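Undergrad: Residue numbers (my numbering): 28 to 201.
Shown below is the structure under consideration.
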């Protein structure tokens with residue numbers, strides 16, 4: 028497997044987790060202050076934040092363990108939650124139109140336009156797709172490090188060698 032691809036996924040998933048934590052810290056006071064008036068929206072925001080964080084954590088853990096299932100599950104969770112987010116955002120823009128492109132370019136009043144975030148998530152998902160395919164079709168390699176040898180050969184079937192009294196090597200299974 029390409030080390031740069033794995034490093035890219037590690038970097039992007041760590042950014043994902045960092046962004047999820049910072050958004051949770053920013054959103055927490057707003058949720059607490061408006062929980063009595065907008066209960067349904069607050070619950071949805073909390074669920075969105077938890078699923079978004081869990082998706083990043085699963086991708087990071089799957090990259091560390093080189094698990095296609097964890098990377099795929101995290102990517103699917105991310106795709107579903109982002110799809111929901113952009114559908115709700117687009118529906119809100121249809122209900123309250125202001126300028127033709129004003130809300131779409133800056134819906135949160137911040138400096139990060141939606142178009143830019145959509146392009147970043149498309150890039151992130153394409154990297155995850157490539158990494159998942161690379162893990163799926165990877166051929167078994169020779170042992171380059173002790174850790175990779177342990178992944179290829181389980182501990183229960185390790186082969187040990189001992190010397191017989193005549194000086195010959197006798198392999199036997201533990």
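Idealized CB from N, CA, C, for every residue including glycine.
Remember, predicted model here, so these are calculated numbers, not experimental data.
#1: Can you tell me whether residue 35 is helix, strand or coil according to DSSP?
#2: What number of angstroms, rounded off, separates the C-alpha of residue 34 from the C-alpha of residue 40?
#3: Using only alpha-carbon positions, find the residue among 48, 105, 85 that is nearest to residue 152.
#4: Between the stretch 46-61 and the stretch 93-104, can you find at least three pairs of beta-carbon atoms closer than 8 Å?
#5: Hey, how far is the Cα of residue 66 from the Cα of residue 165?
#6: For residue 165, does the three-state DSSP call read helix, strand or coil?
#7: Closest by CA to residue 80, which one among 50, 93, 71, 95?
#8: Taking 6 Å as the limit between beta carbons, can you name the residues of its chain near residue 88, skipping five residues before and five after?
#9: Between residue 113 and residue 145, is the Cβ-Cβ spacing less than 9 Å?
#10: Is the separation between the beta-carbon of residue 162 and that of residue 93 shorter than 9 Å?
#11: Does DSSP put residue 53 in a helix, in a strand, or in coil?
#12: Look at the Cβ atom of residue 53, then the Cβ atom of residue 83, and state whether they are nearer than 9 Å.
#13: At which residues does the alpha helix (DSSP H) containing residue 73 begin and terminate?
#14: Is the beta carbon of residue 148 closer than 9 Å to that of residue 85?
#15: Mind checking residue 36: buried by the 16 CB within 10 Å criterion, or exposed?
#16: Given this structure, state the Cα-to-Cα distance separating residue 47 from residue 71, to the nearest angstrom.
TA: With the structure as the only source:
#1: helix
#2: 10 Å
#3: 105
#4: no
#5: 48 Å
#6: coil
#7: 50
#8: 97
#9: yes
#10: yes
#11: helix
#12: no
#13: 66-92
#14: no
#15: buried
#16: 15 Å
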